[in-house]
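Remarks on the structure that follows.
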DNA sequence: AAAGGCTAAGTGATTTAGTCACTTTGTGAC
DNA sequence: GTCACAAAGTGACTAAATCACTTAGCCTTT
């Protein structure tokens, strides 16, 4: 049995690498425009459908972004190391509990680390996340997420990526959790308690409170009747 | 400033969803064939380049796989929640240390959890991972990875995914770490010690040993002269 | 001078109709 | 039975358009 179905790099593969090369060589960052598909087609002596295939691959991982009629731009996650799968499998109650289970392992340790490493700027953003949480009535998703900000406070972008990915992929679950988990009052209070511990650089307490917080959420989800899967 | 550049789902987006729908409806798993591009083009009343764009998006996340001349097949990571970015940024010494830093936060907690939850089957796979580690001289990559198997032993697939993603994205770094970190003898011994603690269900010790192990690796990397970036 | 609408150029989105290259399978000769 | 080979199915890519959308500049109107 040939285990590794390693195929030679396709033209499409080489193209994505080449395009990423252009982005790196010209030091383009998120939001910057990249050459048009027609332009790239000329440059590589290919046709636009071929170019578009490569661009779609990059789009799938957030490396580039299409804006109809305007152009193609460098995406926000081009420097990410770990990604949320955009083609996520459907939700089940089990998958929600699985998510919380993983968070229960990872986040207390992250909270401990963040309590030790947090800077002034982190505290500000955490404060904003705690406060904003109550603001948006049906608010959009670009509000700061407390748990992601908590990971950011560790100073290690990779930890932030991991947490952001976990929470993004399960965004729908998260929304359901929010609905199930009381009426946000308790959530807010617990976030504030964790923030206080982080502010005081009390690693032990931050870890304990985070575990407690997630335990509460798990209990709420576990007890609840779960909506149907879409 | 319009912060959320939320665009209406493109045809390509809807297509990927539809194709994933086919895969789910027909209960196809990794390795199963999906309809040919021509077939899909007929079914959706589109043309093959359009279909191919959607398939390339799915390819980028490992949801499908092309085999030239043969067909298109369901990929191995279709049920993954979190992914390693296939278009990863280049390596620096800093990025390697960042990786180890993240692992230092996550893995000890994972080891603790795994020590408590591990089953017989997990112990077997861990044993294999420890043993195999010494076997391949220039061996291929499908060898079991001890750290990933350790996460798998927690019983939570999400934790396994997170660790696998971290280690896969930084595979090149990992290879360099391996070169730097002594001559594998020490690595092997430390893995065995962790395995023993997990076997004995000594959570405290498993956590401590894992932290120590990663600390050693970090020290080795930190002290080493780092090869040039490609 | 400021506000609003029109126009033209640039760009992405998609079609149409092919050709070439590769893999698999089955058939027939040996 | 085995091997060679032809045929069918499939992915890879081309070529040349057309349509839809965005942007920026100009020009009118206020």
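Chains as they are written, first to last, in this note's numbering: chain A, 16 to 245; chain B, 16 to 245.
We put the beta carbon where it would ideally sit given N, CA and C, even for glycine.
- request: Report the option in A:71, A:132 and A:96 whose CA atom is closest to the CA atom of residue 27 of chain B.
  value: As a first step, residue 27 of chain B is located in the second chain; it is residue number 12 there, counting from the start. Among A:71, A:132 and A:96, the Cα nearest to that of residue 27 of chain B belongs to A:71.
Under the three-state DSSP convention, the category residue 153 of chain A falls into: Counting from one through the first chain, the residue named residue 153 of chain A turns up at place 138. Reliability fails at residue 153 of chain A, whose pLDDT of 42 lies under 50, so the model's placement of it is uncertain and the value that follows must be treated cautiously. Note: residue 153 of chain A maps to coil in three-state DSSP.
query: From B:90, B:84 and B:40, pick the residue whose C-alpha is nearest to that of residue 78 of chain B; which is it?
result: Taking the second chain and counting its residues from 1, the one referred to as residue 78 of chain B is at position 63. Closest by alpha carbon: B:90.
query: At least one CB of chain B closer than 9 Å to the CB of residue 120 of chain A: is that the case?
result: Counted from its first residue, the first chain places residue 120 of chain A at position 105. Taking Cβ atoms only, chain B reaches closer than 9 Å to residue 120 of chain A, which makes this a yes.
query: Roughly how far, in whole angstroms, is the beta-carbon of residue 113 of chain B from the beta-carbon of residue 171 of chain A, given that I think they are within contact range, below 8 Å?
result: Sequence index remark: in the second chain, residue 113 of chain B carries index 98 (1-based). Sequence index remark: in the first chain, residue 171 of chain A carries index 156 (1-based). Confirmed, about 6 Å.
task: Output yes or no for whether 9 Å exceeds the beta carbon distance between residue 51 of chain B and residue 107 of chain B.
output: Position 36 of the second chain, counted from the first residue, corresponds to residue 51 of chain B. Position 92 of the second chain, counted from the first residue, corresponds to residue 107 of chain B. No, these two residues do not count as a Cβ contact at 9 Å.
- prompt: Are any of the Cβ atoms in chain B nearer than 9 Å to that of residue 228 of chain A?
  reply: One-based indexing of the first chain puts residue 228 of chain A at position 213. No, residue 228 of chain A does not count as interfacial toward chain B.
- request: Identify, in the order they occur along the chain, each residue of the same chain with its Cβ nearer than 8 Å to the Cβ of residue 177 of chain A, setting aside the five sequence neighbours on each side.
  value: Within the first chain, residue 177 of chain A is the residue found at index 162, counting from 1. The residues are 97, 121 and 166.
task: Using a Cβ-Cβ cut-off of less than 8 Å, list which residues of the region 43-75 of chain A approach chain B; keep chain order.
output: 64, 67, 68, 69, 71, 72, 73, 74 and 75
field: Residues, ordered as in the chain, of the region 89-106 of chain B that lie near chain A by beta-carbon distance below 8 Å
entry: 92, 93, 94, 95, 96, 97, 98, 99, 100, 101, 102, 103, 104 and 105
message: If contact is defined by three or more beta carbon pairs under 8 Å, each pair taking one atom from either stretch, is the region 221-236 of chain B in contact with the region 201-209 of chain B?
response: yes
message: Looking at the secondary structure, which residues open and close the beta strand (DSSP E) in which residue 82 of chain A lies?
response: For the purposes of this step, residue 82 of chain A is taken as residue 67 along the first chain, with counting starting at 1. Element bounds for residue 82 of chain A: 79-82.
- prompt: What did DSSP end up calling residue 92 of chain B once you bin it into helix, strand or coil?
  reply: For the purposes of this step, residue 92 of chain B is taken as the residue at position 77 of the second chain. Here residue 92 of chain B sits in coil by DSSP.
field: Closer than 7 Å at the beta carbon, the chain B residues around residue 27 of chain A
entry: As a first step, residue 27 of chain A must be located in the first chain, where it is residue number 12. Those within 7 Å of residue 27 of chain A in chain B are 71.
message: Less than 8 Å between C-beta atoms, sequence neighbours within five positions excluded: which residues of the same chain meet that for residue 237 of chain B?
response: The residue you call residue 237 of chain B lines up with position 222 of the second chain. Excluding residues within five positions, the ones whose Cβ falls inside 8 Å are 112.
message: Going by C-alpha to C-alpha distance, which of A:35, A:117, A:145 and A:42 sits closest to residue 202 of chain A?
response: Working through the first chain from its first residue, we reach residue 202 of chain A at position 187. The shortest Cα separation from residue 202 of chain A among A:35, A:117, A:145 and A:42 belongs to A:145.
message: Can you find the residues in the same chain that come closer than 7 Å, C-beta to C-beta, to residue 180 of chain A, ignoring five residues on each side of it along the sequence?
response: Locating residue 180 of chain A in the first chain gives position 165, where the first residue counts as 1. The residues are 97, 98 and 99.
query: Around the Cβ of residue 116 of chain A, are there at least 16 other Cβ atoms within 10 angstroms (buried) or fewer (exposed)?
result: Position 101 of the first chain holds residue 116 of chain A. Under this definition residue 116 of chain A is a buried residue.
- request: Counting only the same chain and skipping the five closest in sequence on each side, list residues whose C-beta sits under 7 Å from that of residue 218 of chain A.
  value: Mapped onto the first chain, residue 218 of chain A falls at position 203. Same-chain partners within the cutoff: 127, 130 and 131.
- request: Return the Cβ separation of residue 45 of chain A and residue 75 of chain A in integer angstroms, given the expectation that the two are a contact with Cβ distance under 8 Å.
  value: Walking along the first chain from the start, residue 45 of chain A turns up at place 30. Walking along the first chain from the start, residue 75 of chain A turns up at place 60. The pair is not a contact, with the Cβ atoms about 16 Å apart (cut-off 8 Å).
message: What does DSSP give as the partner residue(s) for residue 48 of chain A in the beta ladder?
response: If you number the first chain from 1, residue 48 of chain A lands on position 33. According to DSSP, residue 48 of chain A bridges with A:88.
query: Mind checking if residue 116 of chain B is an interface residue toward chain A, Cβ cutoff 9 Å exclusive?
result: Against the second chain, residue 116 of chain B aligns to sequence position 101. Yes, residue 116 of chain B lies at the interface with chain A (some Cβ there is under 9 Å from its Cβ).
field: Cut-off 6 Å between Cβ atoms - residues of its own chain near residue 55 of chain B, not counting five sequence neighbours on either side
entry: Looking up residue 55 of chain B in the second chain gives position 40. Closer than 6 Å at the Cβ level, and outside the excluded window around residue 55 of chain B, lie 66.
query: Quick one: Cα of residue 163 of chain B to Cα of residue 230 of chain B, how far?
result: Locating residue 163 of chain B in the second chain gives position 148, where the first residue counts as 1. Locating residue 230 of chain B in the second chain gives position 215, where the first residue counts as 1. Near 18 Å, if we compare the C-alpha coordinates of residue 230 of chain B and residue 163 of chain B.
task: Give the single residue among A:94, A:110 and A:63 whose Cα lies nearest to the Cα of residue 105 of chain B.
output: If you number the second chain from 1, residue 105 of chain B lands on position 90. Per the Cα distances, A:94.
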